[in-house]
Structure formats: C-alpha cells, structure tokens
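Inspection log for the structure reproduced underneath, given as structure tokens.
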Amino acid sequence: MARVVYHPKLVMGFPGLSLLHPFDGSRPRRVSQALDREFGVGKWGLLEPEGPVHDDQLTRVHHPEYLRSLQRPQVLARAFEVGPLALCPAKFLEWIALTPMRWATQSALRGARHALQQGVAISLGGGFHHAKPAQGEGFCVLADVAYLVRTLQDEGKLKKVLHVDLDAHQGNGVSHCFAEDQSVQLFDIYNRDTYPAGDELGRSRLNVDLGLPQGSGDDLYLSTLTEHLPAFLSQEADLLIYNAGTDVLAGDPLGGLILSHKGVLERDMFVFAEAQRQGLPILSVPSGGYSEGSTKAMAESAIHVLKRYGID
Ligand SMILES: [Zn+2]
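Positions -4 to 307 (our numbering) are the ones given, in order, by the sequence shown.
Here is the structure:
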C-alpha cells in the first residue's frame, strides 16, 4: 500500500526566482494539486513530515563546520549556482531555500519509515544527490538520503540499502557520503557528458555505473535499465531508495537525455514493479527536473503508483 509525503513548507523560492534559476520550487505543491484533482482533496494517502531537520540531527552526515557555513549567503549562493543570492540577507535565504530543504529531508525520512512498514512511499521532496558531507553543489545542500539511511541504521531498523539513481545527473554526493560504506549499494544511469563528469570518486564508488551519451532517448535508456536493474535488485536488502529525477525529459535545459513522457512513466513503473517483484520496500524521491513537463511527469507516475498499489 502506498502513501505520499507532502507539506506546504516543501515549497521553495519566491515569485520571480525562475528568472534567475531553472528550478521550480512550487513543484511539490503543483503535484499535490494534481493528486487532489485525481483522488479528491487530501485523499491520496497524504503523510506529513515531522518538521524541519535540525543541525544536531544532520551531524550524522555533515561536518558541523559545514552546517554552520550554511548561514553565510555566499555558501548557499554557490551551491544554488545563483550568484546574486550572495547579496541577499541570510534570513531571507533561510526562508526561501534552506528551511524547505530541511522539510524535504524529513519528508524523505518519513517516506522511508512508511515504506519499511507498508511497502511503497513517494516523497514529494528530497533527492539532493549532489550534497556531500562538507560541501553543497548542484542545487543540493543537505544529503537527505544519507541522513535517512544513517538515522534508520542508528535506530536498528535498517542494514542494507539499494540506491537506484535515475536522475539525468550522476549522484556524486551520495557516492561521497557512502565512500567507505558498502551497506548502501549504488546503481546509477546518467548523462556521462554533463555535470558532474569530472568527479572521479562520484563514479568510481558506483557499484553499477551506467553512463549514457548526451541525447540517448527512450530506447537506449530503457533497454539499459531493463537489462541491468533486475540483477541489482536481486540482492538481499531492507530498502530501495529510488531517485526518480525527471530532468531526463526532452526539453529539460540541464538533463540532455531526451526521454518522452511515456518513457519516463515506463521507467518509473518498471522500477516500482521490479521492487514489488523482489519484495523490496521502495521510497521514491523527486530530485531534479527543470522543464515544465517535470511536474506533469511526477504527477502521472504518482497517480499510476497509487492506483496500482492502493492507497494505504
Ligand atoms: Zn539532475
């Protein structure tokens, strides 16, 4: 049975930010509205995160000095790759970016807890897969996946995790967080011709490394997925974390893999079906997606998952 984790505080940014940045911070709200239209207001197994994650909890993953540095506008401006943000007051940046990311981090954890109990969860926030223990980059500041894994491992609820990253960009931050830790196995299909192509450890740490060329399209992408994923998921594990980045869509300004909407839906349903077939609890996180189609693709997949697996 499936549920969806959402809270209005996941929404990032402010009107007009889209002029400076491709990221649509209102995406979680727009997906929740699409689910409202499909199932009725809030009748889609809505779960809420506990609240924003605090620095003392994040020290499971991040260096304390790095967490303190997030109060400096320059550090956030660099991670978000929007120079003018360095001129904004720290409190403002906290409000538009850092606090929503704290909520998204707890949203992913809430989803993982549900998946472990009931099998299937979709978080409408999270998937910050470029965040490293001591550095934010690629629009990612908090390493939500590493945080949820460490938290659940510390609670004794989790040992081994499979991380399947199908965002268009290689999940280098996840590799850095688990550089010395094979309790999390990493599977990654990504555009090898774009950021973060120069990150050696990002790639070398992968257990299944499937870099594809720019412009791959549905056929190559989906045949790569269906050929390699079943064997990866056949390992004994407690949880599958699925980074369902929608920047693989054609028209995305940053992804470059030019998948169709039909291709993305097929991709997502294949991952969920394989998880189900192998008896693996699954949590999906939204990660990247910078085209208008991202919201539509996320909503379509969530609707299909909820209809197929039932609303808890
Ligand atoms: Zn991406």
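Backbone N, C-alpha and C define an ideal beta-carbon position, used for all residues, glycine too.
Asked	Found
Short Cβ contact (9 angstroms threshold) for methionine 293 with glycine 284	yes
Cα-Cα separation between leucine 207 and isoleucine 298, rounded to whole angstroms	29 angstroms
Coarse secondary structure for glutamate 57, derived from DSSP in three states	The identity of residue 57 in the sequence shown is histidine, whereas the question assumes glutamate. Three-state DSSP puts histidine 57 in coil, outside helix and strand.
Helix, strand or coil at alanine 294 according to DSSP, with G and I counted as helix	helix
Which of helix, strand or coil DSSP assigns to asparagine 238	strand
Proximity test, glycine 240 beta-carbon vs ligand 1 heavy atom, cut-off 8 angstroms	yes
Check: alanine 163 C-beta below 8 angstroms from any heavy atom of ligand 1	yes
For histidine 109, the three-state DSSP class (helix, strand or coil)	helix
Leucine 153 CB to nearest heavy atom of ligand 1 below 8 angstroms	no
Nonlocal neighbours in the same chain, by C-beta distance under 7 angstroms from aspartate 204, ignoring five residues either side	Asp183, Arg198
Whole-angstrom distance between proline 95 and aspartate 51, CA atom to CA atom	17 angstroms
Proximal residues to alanine 85 (C-beta, below 6 angstroms), its chain only, five neighbours per side dropped	Gln66, Pro68
Identified DSSP bridge partners for phenylalanine 182	Val159, Val203
Whole-Å CB distance - methionine 7 paired with isoleucine 91, under 8 angstroms assumed	6 angstroms
Segment limits, alpha helix (DSSP H) that includes arginine 32	22 to 34
Cutoff 6 angstroms; reference alanine 103; Cβ partners in own chain excluding five residues on either side	Ser118, Gly121, Asp139, Leu143, Val280
Top-ranked residue by Cα proximity to proline 23, from Leu5, Gln273, Pro128	Leu5
Proximity to lysine 371 [Cα-Cα], best of Phe34, Gln148, Glu175	There is simply no residue 371 to check, as the chain begins at -4 and stops at 307 in what is shown.
Nearest residue (CA-CA) to glutamate 132, options Ala245, Glu76, Ser64, Gly40	Glu76
Distance cut-off 8 angstroms: serine 282 Cβ against heavy atoms of ligand 1	yes
Where arginine 67 sits in the DSSP three-state scheme	coil
Run of the beta strand (DSSP E) containing serine 170, from where it starts to where it stops	Counting along the chain, serine 170 falls outside any beta strand (DSSP E), though it belongs to the alpha helix (DSSP H) covering 167 to 172.
Rounded separation between isoleucine 306 and alanine 270 - CA only	17 angstroms
Alanine 232 burial status per 10 Å Cβ neighbour count (16 or more: buried)	buried
Arginine -2, DSSP secondary structure in three states	strand
Three-state class that DSSP yields for valine 259 in the structure shown	helix
Cβ distance (whole Å) where alanine 163 is taken to contact valine 243 below 8 angstroms	5 angstroms
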